[in-house]
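Reviewing the structure listed below.
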Amino acid sequence: MVGIEGFLRGELFGLVWAAFFVVLAFTAGCLVLSYGGYLLLTPDGITLCTLFRSYSFEWTDIKYFTVCRVYLGKNVILGYSDPRKTTSTWTYWEPGIREVLIPETYGMSARTLAELLTALQKHFIRVASKAHFSIHSQ
Numbered sequence: 503m504v505g506i507e508g509f510l511r512g513e514l515f516g517l518v519w520a521a522f523f524v525v526l527a528f529t530a531g532c533l534v535l536s537y538g539g540y541l542l543l544t545p546d547g548i549t550l551c552t553l554f555r556s557y558s559f560e561w562t563d564i565k566y567f568t569v570c571r572v573y574l575g576k577n578v579i580l581g582y583s584d585p586r587k588t589t590s591t592w593t594y595w596e597p598g599i600r601e602v603l604i605p606e607t608y609g610m611s612a613r614t615l616a617e618l619l620t621a622l623q624k625h626f627i628r629v630a631s632k633a634h635f636s637i638h639s640q
């Protein structure tokens, strides 16, 4: 209520308060309208786009997809090799492995999504290796 009164009077506190809620409403609107994030799967790799950032990985760089518990639900983590990292800062498992959380499960369970992504990864790597072999054998 104080922020609204300050905004109507043109006070600095009220204007800052209004700007904060405009940014908050815009962000929430983007997330609700599904412009916030998507997963793009191609024969070359996977692109994970979130509201403010996108990540691209080749299938051969991905080491695993696994299910993890996040807050009240379960999500999928993508583990990938990062040649620039010689020590592991994100995980305690292997040096050079980094992890990215896939923030949505896109209408399926986290386990189903992890299994589907693992199967697609194996398929695309197998198809690419067959194509590479046939090109070099000719």
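Numbering of the sequence shown is given in the numbering used here, commencing with residue 503 and proceeding in unit increments. A virtual CB, placed ideally from N, CA and C, is assigned to each residue, including glycine.
Note that the segment 563-573 touches the segment 603-623; at least 3 beta-carbon pairs, one per stretch, sit closer than 8 Å.
Here L603 is near I579, since their CB atoms are less than 7 Å apart.
At a Cβ-Cβ threshold of 7 Å, Y540 and D563 do not count as neighbours. Membership of R555 in any beta strand (DSSP E) is not indicated, and neither H nor E is assigned to it by DSSP.
Spatial neighbours of V629 in its own chain (CB-CB distance under 8 Å, excluding positions within 5 residues in sequence) are listed in chain order as P545.
Counting along the chain, no beta strand (DSSP E) covers G539, and no H or E run does either.
Around the beta carbon of L550, a 10 Å sphere encloses 16 or more other beta carbons of the protein chains shown; the residue is thus reported as buried. Between the beta-carbon of G547 and that of S558 there is about 6 Å, and that keeps the pair under the 8 Å contact cut.
The beta carbon of M610 sits closer than 8 Å to the beta carbons of L618 from its chain, once the five residues preceding and following it are set aside; these are given in chain order.
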